[in-house]
Amino acid sequence: IVTFESQAPLEAVVGRTSSISAWFETDPKDVQKTKGRFEVDLKDLDTGLQLRDDHMKGPQFLDIEKFPKAVFEILEVKTGPGQALGHMKPVTIETMGHFSVHGVTQKIPVKAVVTFFKESEATRTRLPGDLIRVEASFSIRLSDFSIARPEMFFYRLGESVDIRLDFFVSSAAQDAVPQP
Numbered sequence: 703i704v705t706f707e708s709q710a711p712l713e714a715v716v717g718r719t720s721s722i723s724a725w726f727e728t729d730p731k732d733v734q735k736t737k738g739r740f741e742v743d744l745k746d747l748d749t750g751l752q753l754r755d756d757h758m759k760g761p762q763f764l765d766i767e768k769f770p771k772a773v774f775e776i777l778e779v780k781t782g783p784g785q786a787l788g789h790m791k792p793v794t795i796e797t798m799g800h801f802s803v804h805g806v807t808q809k810i811p812v813k814a815v816v817t818f819f820k821e822s823e824a825t826r827t828r829l830p831g832d833l834i835r836v837e838a839s840f841s842i843r844l845s846d847f848s849i850a851r852p853e854m855f856f857y858r859l860g861e862s863v864d865i866r867l868d869f870f871v872s873s874a875a876q877d878a879v880p881q882p
C-alpha cells in the first residue's frame, strides 16, 4: 500500500493505492548491498473524492497521461557495517535514491524498516517464497518536481507531501519490475 498526505489549513488530503510493482535484491547478511526499484501506477491513486482525483491526475497537476508512474530507485543503503537481516527482526536502513514523478528526477533520502520472513505456511498465505516487508516514508515538495497546485486546490493542498509505503517482496515473484 502507498499512501500520501498533504496537510493544509482547511483539511488533510489523504490518498492511497495498492498499485505498486517492485524489483528488490538484498544480501541478508549485509543489507548495505541492497538494490531495488519501486514503481507506483498513479492512475489508481484514490483520495475518496472522484472530482479531486480527476483534477489531481489531470494535466495541471500530476498529468498521468504523460507521466503515468512514480518511481524510486535505490542508489545506496546506509546502515551499520555488515548489518544482517534475521527472521522477523526489523532492520532500520537509510537509503539514497532517485525519485521520479511528473518527468522530474531528484536524489532523495528515504528511511525504511526492512523485515525478513523465512518462507513458512503462514507466509505462504500472503505470497510464496521468502518475504521481505518494506515500510518506508519520505516527504517531497511539489515545486521540486515541477508540480503546480491547481487553483481549485490552492487553498487546500500544502506544498509538502508525506509519502508512506508498506509492501512485501517475495523471492518467488518473477513478474515484478524489470531489473535496471
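Okay, so the sequence shown: first residue is 703 according to my numbering, each after it adds one. Heads up, the beta-carbon is just placed ideally off N, CA and C, and yes, glycines get one too.
Here the C-alpha atom of F726 lies approximately 28 Å from the C-alpha atom of D765. With respect to V733, R718 sits apart: the two C-beta atoms are not nearer than 8 Å. Only residues of its own chain outside the window of five on either side were considered, and among them E727 and I776 have a CB closer than 7 Å to the CB of K737, listed in chain order. Ranked by Cα distance from I834, the options S721, S708 and D729 are led by D729.
Apart from the 5 residues on each side of it in sequence, V803 sits with its Cβ closer than 6 Å to the Cβ of A772 and F847 in its chain, given in chain order. E778 and V793 have their alpha carbons spaced roughly 16 Å apart.
If you compare the alpha carbons of A850, V836 and K813 with that of D868, the shortest gap goes to V836.
In the DSSP assignment, A786 is bridged to no other residue.
Contact between G799 and F769 fails: their C-beta atoms lie close to 18 Å from each other, not under 8 Å. With 16 or more other Cβ atoms inside 10 Å of its own Cβ, H757 counts as buried.
Taking a contact as a CB-CB distance under 8 Å, the pair D864 and S839 counts as one, their CB atoms being some 7 Å apart. A724 sits in a strand when the DSSP states are folded into three classes.
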